[in-house]
Structures are given as C-alpha cells and as structure tokens.
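See below for the structure under consideration.
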Amino acid sequence: MNLMEQQQTPLFTALKKYVEDKIVSFHVPGHKGGKGIPEFCDFVGKNILAIDVTAGILDLDTICNPLSVILQAEELAAQAFGAQYAHFLVNGTTSGIQAMIMSVAESGDEIILPRNAHRSAVGGLILSGARPVYIKPVIDEYMGISMGITPESVRKALVEHPNAKAVFVINPTYYGVASDLKQIVEIAHSFEKPVIVDEAHGAHFGFHPDLPLSAMEAGADASAVSVHKLVGSMTQSSILLLNSRFIDDRKVKAVMNLQQTTSPSYPLMASLDVARKQMALQGTELLDKTIRLCEQARQQMNAVEGIYVMGREIEGTEGCFAYDQTKFAINVRELGLSGFEMEKLLKYNYGVQVE
Numbered sequence: 005m006n007l008m009e010q011q012q013t014p015l016f017t018a019l020k021k022y023v024e025d026k027i028v029s030f031h032v033p034g035h036k037g038g039k040g041i042p043e044f045c046d047f048v049g050k051n052i053l054a055i056d057v058t059a060g061i062l063d064l065d066t067i068c069n070p071l072s073v074i075l076q077a078e079e080l081a082a083q084a085f086g087a088q089y090a091h092f093l094v095n096g097t098t099s100g101i102q103a104m105i106m107s108v109a110e111s112g113d114e115i116i117l118p119r120n121a122h123r124s125a126v127g128g129l130i131l132s133g134a135r136p137v138y139i140k141p142v143i144d145e146y147m148g149i150s151m152g153i154t155p156e157s158v159r160k161a162l163v164e165h166p167n168a169k170a171v172f173v174i175n176p177t178y179y180g181v182a183s184d185l186k187q188i189v190e191i192a193h194s195f196e197k198p199v200i201v202d203e204a205h206g207a208h209f210g211f212h213p214d215l216p217l218s219a220m221e222a223g224a225d226a227s228a229v230s231v232h233k234l235v236g237s238m239t240q241s242s243i244l245l246l247n248s249r250f251i252d253d254r255k256v257k258a259v260m261n262l263q264q265t266t267s268p269s270y271p272l273m274a275s276l277d278v279a280r281k282q283m284a285l286q287g288t289e290l291l292d293k294t295i296r297l298c299e300q301a302r303q304q305m306n307a308v309e310g311i312y313v314m315g316r317e318i319e320g321t322e323g324c325f326a327y328d329q330t331k332f333a334i335n336v337r338e339l340g341l342s343g344f345e346m347e348k349l350l351k352y353n354y355g356v357q358v359e
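Going by the numbering used here, the final residue of the sequence shown carries number 359, and the count climbs one at a time with no gaps.
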C-alpha cells in the first residue's frame, strides 16, 4: 500500500472544491444546497447538503461508469483493502452480496452457503434463480448462537454437489466468529470454485494483525464490505471488493448497475473516500486502542457475577477459527434476564443503546 497515495481523497476533495467555487445550481436536487429545506438544514448543517449533488456534474463523475474522481477513489480503496478492484455501493452491503451471487450463478445453479446467511443472500438467490445448498453452522448451546462453518463441511458439500457455482462464506458472523477462511478458500479453489464473502462485520480486519484475516488476505474472490458498520463511513455506504480469476469484473459492474440507483448519494460516497484514508493511515493505531479498551472492558464485565462476555477463549473450538476482539456478545441469562429485557434496561435506565 502506497501511503503517500492514500493521503488523497479525490472525490471528497472535488466536492469541497465544487462548494468553494460557489457554482450556481440549475440541477437537482431541489433543496439547492439546503436553501429549500431550512428546518432540516439548520439541524444537520449546510455543508452536508452543499455536497448533496447529482450524478453527471462536470468534475464529479458518475457511479454507473466512473472515469475520474470516483474511479480514483475506488482505486485507492482497492489498494487499501488489498483487492484488484473496488466498487462503491450506496445501497448497502445487501446490494453487494446480491451482485456477487448474480455474477456467479443463474437460474437453476447451486450455491453452497451457511444456513445462517443474511436475508440479502436469500434475496440474491431469488433474484438469480439459484438454489441453495445449505451447510449447517456449528451451534453454541450456551450462547444460543450460530458459529462458523468448518472446512470439512465445505469439502463435503463440494464433493456432493460438484456442479455448484460458488461457496458463500460469512466473515465474521454477526457475533464476531470467523471460520478458517483461508483453508476454505484453498479447498474451494482446488475444486475450481470461487469463494464470495459476506464481510458486513469485517471491514476492519485487514488493518490489524491481531484480528482475523480479511477475505482478500485469505484469498477469497469477492467480498461485500460494510465500511459504514465499523470503520466510519455513513450508514448505507459499502464497498464490493474483487480479486478473482473466476469472476469477471465487467459482469459484476453490469449487475451492480442493474441494482444501484442512478442518483447516488455523494455524501455517502465521499464518506467512503475519507474513511478509507483514515483506515489506511491510522487504522492500526486506532485498532490498537480499540482492542486494548475492549479487552479491559471484557475483563471487568466478566468479573461481574451472572455476566459472560465471549472472547478469544473460544478460538480453536469447533466453528470458531478466530474471534474479533472488538465484538461484545454478552450473555445475561444467569441474571434471569433476556437480551431484549437487558436492552430496555440499558436504554431507559442508563442511556445506553445496544444492538
């Protein structure tokens, strides 16, 4: 990764220049930089609405066929995340997951995937017409949650379904559990099958050595990454990464253009540009601090009778090759409370909102 290049924010810089140049707007959106919606503008601020422009404006590029500043921002993202190609998503990782599935499978084709896959993957199956070959994930009975899938279960599925078009993996699960993705990739590639990855909760993985491997580090062919969830961009902004001899980037882009809006949010895309820069330049330092604070909090919470916070002690157990230390999966059953009850108690009694 070229750190000098990573200091650049081509899209964000172009938007700031557009505002500084005081261009008179005879284009959509109708709020005209916030003037047309003053109550909202007073609350959120003028700058966010000033850069809420439309696609196709000179010098600001377009997401459907990027040729200048959006393309440059995507190329920097590809470099930072260790991919050959990166495509900005403004319909969330859902659109990326569906684009991956639709790029590798057609009606009647099979895709191997874990039974705890997100609903977006089910949507991708419906849209493509592909049929699922489900692998049952390991279940942690005490926590009551799905863990990862094992390399052995992937090999078995590939032997039993030799015509499957791809293997779909979650890295990590919602609870921070990562399967042995590198070995799964090696197995799938030995069968000449691509591996596509739901990396909604793993955008930070490639930026710190103590975290599980990212999909690109593990050699996966494609991953949909929720930059907004964990590394600072605005909600709904994600990136689709590609590094594959099995999947054609041109097909991926064509499928994306069928799904994504032709009126993308420039604030969302600009936030991807800036979040990428921050992680490339400061990611390891920021994650050092985050991991340290998380481990301190985990130790303190586990010292409270009746509370268990899952941690790296589960690594090496069936269904967990590696664990994301920045996640807090908290079991409160021994307090006589459900998670829903604890959520309400934390919010209404202590002003703390959890997921």
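Every residue gets a Cβ at the ideal spot worked out from N, C-alpha and C, and that includes glycine.
All values derive from a computational prediction rather than experimental measurement.
E43: member of the alpha helix (DSSP H) spanning 42-48, first to last residue. Scanning K20, R337, D253 for the CA closest to the CA of A82 turns up D253. The residue from G210, E359, V358 with its alpha-carbon nearest to that of T288 is G210. The Cβ atoms of I143 and Y179 lie no closer than 8 Å to each other. By the neighbour-count definition (other C-beta atoms within 10 Å, threshold 16), V28 is an exposed residue. Sequence-distant partners of G236 (beyond 5 residues in either direction) whose C-beta falls short of 8 Å from its own C-beta, in its chain, are S275, V278, A279, Q282, M283. When secondary structure is reduced to three states using DSSP, A274 falls in the helix class.
The continuous alpha helix (DSSP H) containing S194 extends over residues 185-194. Assigned with DSSP and collapsed to three states, S107 falls in helix. Taking a C-beta distance under 8 Å as the contact criterion, V181 and I116 do not qualify as a contact pair. Between the stretch 107-122 and the stretch 156-171, the count of Cβ pairs shorter than 8 Å is three or higher; the stretches touch. Minimum Cα-Cα distance from V94 among the listed residues V231, S227, M346 corresponds to V231. In this structure, K186 lies away from E114, with their beta-carbon atoms at least 8 Å apart. Per DSSP, the unbroken alpha helix (DSSP H) holding A82 starts and ends at 73-85.
Under the DSSP assignment, E114 falls in the beta strand (DSSP E) whose first and last residues are 114-118. Using a Cβ-Cβ distance cut-off of 8 Å, the stretch 52-62 and the stretch 220-234 are not in contact, since fewer than three pairs of beta carbons, one from each stretch, lie closer than that value.
By the CB criterion at 8 Å, D63 and L75 fall outside the cutoff.
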